[in-house]
Amino acid sequence: MRKILHKISIITNVIFAILLILSYLSTLISPEKISFLALLGLSFPFLLLINFIFLIYRIYRKKASLLISLIAILVGYNQISNFLSFSIGNENVKENSLKVMTYNVRMFDIYNWSKNENTSNNILNIIKNEDADVICLQEFYSTKKHNWKKRIFKELKLQDFIVSSKNNKSFFGNAIFSKYPIVNQGFLKNAFPTQKCIYADIKKGNDTIRIYTIHLSSIHLDNDDYKFMKNIKLDIENKDENIEGVKDISTKLLKAYKNRAKEVDAIFPYIEKSPYKTIVCGDFNDTPISYTYQKIKGKLKDSFNEKGFGIGNTYAGSLPLFRIDYVFHSSDISTASFKIIPEELSDHYPVIVNLNL
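Residue numbers (numbering that gives the first Met the number 0): 0 to 356.
The following block contains the structure:
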């Protein structure tokens, strides 16, 4: 009996080791080519944890089979170092530096999703208190009645502003606010049905810095999907219901992965050809173990990897452990400090970095 259990344990260990290794491939292969790998990439934290438990158990038991999970973990060193960061201490912020905030503000809670009338003002207070030099907002919303553009300019000493969509005095989409002059701006109009990416060239002293802000396709889970995930019952009576629920969510996930793959394939050449020091930030709706992350990162530096600590989850929704908001920069810039403000005012947390130029 003991031998049978040992064999089952080894087989199970091998299966999870293979799944972990396959999850690494999700960073290299587009979901448009092999879509199921993207789902394994999403499962990476759990696959890593299971392999780590196997490894600890086999070390304790002094079994040579510890090599199964050890090799699977070591093979993914680069992916694991993107997912986890253990940087301790900050650099000195130099005189020639730039403080950057990226924040999906969820339309300043215009429909009162939070069921708190103070949420919109609390979002503004975070923006005001951080007093960043450059503020990149996703799902920005401003109208004549709810004039967040005017209020942000009033609260901070800003010089310039661009937004991806505007109609008369209404603004929506990606927005970049700057304390420094914007000498050039651009919209990647032709790649998408909506403008997923905008950029601004800002002038700071003798430097021109190109700032991209990006908002990639969401999964568009609805209330029924969240209710299903929260209340799923693993029993025979609910078998058909569970299958349908999992199938529906998986379909939405795969569609979103493919959409984001198309988007980053269109955006990346523009970033690669940037003639200036470059900062790329925004809501990618994808984790570090994904094709989206790896494609955009390219030769850029991830500020979280440089000065962050832990997992760095930025998603404030019902699925924790996911970092989906990023600040990347070119190698001629360094990260002096990195922080996430875990205030659940939107479904994302704001990310603030100090960058030495």
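For each residue, glycine too, the CB sits at the ideal point set by N, CA and C.
By a C-beta neighbour count over all protein chains shown, 10 Å radius and 16 as the cutoff for buried, is residue i buried or exposed?
{"i": "residue 245", "result": "exposed"}
{"i": "residue 276", "result": "buried"}
{"i": "residue 3", "result": "exposed"}
{"i": "residue 259", "result": "buried"}
{"i": "residue 63", "result": "exposed"}
{"i": "residue 223", "result": "exposed"}
{"i": "residue 57", "result": "buried"}
{"i": "residue 306", "result": "buried"}
{"i": "residue 166", "result": "exposed"}
{"i": "residue 349", "result": "buried"}
{"i": "residue 106", "result": "buried"}
{"i": "residue 110", "result": "exposed"}
{"i": "residue 117", "result": "exposed"}
{"i": "residue 48", "result": "exposed"}
{"i": "residue 298", "result": "exposed"}
{"i": "residue 161", "result": "buried"}
{"i": "residue 332", "result": "buried"}
Quick one: Cα of residue i to Cα of residue j, how far?
{"i": "residue 282", "j": "residue 145", "result": "23 Å"}
{"i": "residue 12", "j": "residue 68", "result": "7 Å"}
{"i": "residue 337", "j": "residue 355", "result": "12 Å"}
{"i": "residue 179", "j": "residue 130", "result": "13 Å"}
{"i": "residue 59", "j": "residue 5", "result": "15 Å"}
{"i": "residue 352", "j": "residue 328", "result": "11 Å"}
{"i": "residue 296", "j": "residue 53", "result": "32 Å"}
{"i": "residue 46", "j": "residue 9", "result": "16 Å"}
{"i": "residue 15", "j": "residue 85", "result": "26 Å"}
{"i": "residue 270", "j": "residue 330", "result": "13 Å"}
{"i": "residue 20", "j": "residue 128", "result": "43 Å"}
{"i": "residue 18", "j": "residue 114", "result": "41 Å"}
{"i": "residue 171", "j": "residue 334", "result": "30 Å"}
{"i": "residue 112", "j": "residue 321", "result": "21 Å"}
{"i": "residue 7", "j": "residue 227", "result": "32 Å"}
{"i": "residue 66", "j": "residue 39", "result": "22 Å"}
{"i": "residue 135", "j": "residue 186", "result": "14 Å"}
{"i": "residue 137", "j": "residue 347", "result": "10 Å"}
{"i": "residue 35", "j": "residue 241", "result": "19 Å"}
{"i": "residue 184", "j": "residue 252", "result": "33 Å"}
{"i": "residue 206", "j": "residue 262", "result": "29 Å"}
{"i": "residue 148", "j": "residue 302", "result": "27 Å"}
{"i": "residue 44", "j": "residue 243", "result": "25 Å"}
{"i": "residue 340", "j": "residue 212", "result": "19 Å"}
{"i": "residue 42", "j": "residue 61", "result": "28 Å"}
{"i": "residue 55", "j": "residue 225", "result": "34 Å"}
{"i": "residue 23", "j": "residue 173", "result": "31 Å"}
{"i": "residue 156", "j": "residue 308", "result": "31 Å"}
{"i": "residue 199", "j": "residue 158", "result": "13 Å"}
{"i": "residue 268", "j": "residue 0", "result": "59 Å"}
{"i": "residue 280", "j": "residue 70", "result": "34 Å"}
{"i": "residue 121", "j": "residue 33", "result": "42 Å"}
{"i": "residue 204", "j": "residue 37", "result": "43 Å"}
{"i": "residue 255", "j": "residue 221", "result": "14 Å"}
{"i": "residue 27", "j": "residue 87", "result": "29 Å"}
My assumption, with CB atoms under 8 Å, is that residue i sits in contact with residue j. Please give the rounded CB distance.
{"i": "residue 175", "j": "residue 208", "result": "Residue 175 to residue 208, Cβ: 11 Å. No contact."}
{"i": "residue 219", "j": "residue 195", "result": "That pair is no contact at about 15 Å."}
{"i": "residue 50", "j": "residue 304", "result": "Incorrect: roughly 22 Å between the Cβ atoms, too far for contact."}
{"i": "residue 104", "j": "residue 139", "result": "6 Å"}
{"i": "residue 94", "j": "residue 123", "result": "Not confirmed; about 29 Å, so no contact."}
{"i": "residue 286", "j": "residue 248", "result": "Contact flag wrong, Cβ pair sits at about 16 Å."}
{"i": "residue 290", "j": "residue 29", "result": "5 Å"}
{"i": "residue 266", "j": "residue 326", "result": "About 16 Å; that fails the 8 Å criterion."}
{"i": "residue 108", "j": "residue 96", "result": "Rounded, the Cβ-Cβ distance is 32 Å, inconsistent with contact."}
Do residue i and residue j have their C-beta atoms closer together than 8 Å?
{"i": "residue 288", "j": "residue 25", "result": "yes"}
{"i": "residue 201", "j": "residue 177", "result": "yes"}
{"i": "residue 169", "j": "residue 142", "result": "yes"}
{"i": "residue 217", "j": "residue 284", "result": "yes"}
{"i": "residue 125", "j": "residue 342", "result": "yes"}
{"i": "residue 210", "j": "residue 133", "result": "yes"}
{"i": "residue 315", "j": "residue 273", "result": "no"}
{"i": "residue 31", "j": "residue 257", "result": "yes"}
{"i": "residue 300", "j": "residue 264", "result": "no"}
Check whether the segment 60-76 and the segment 85-101 touch, using three or more Cβ-Cβ pairs below 8 Å as the test.
no
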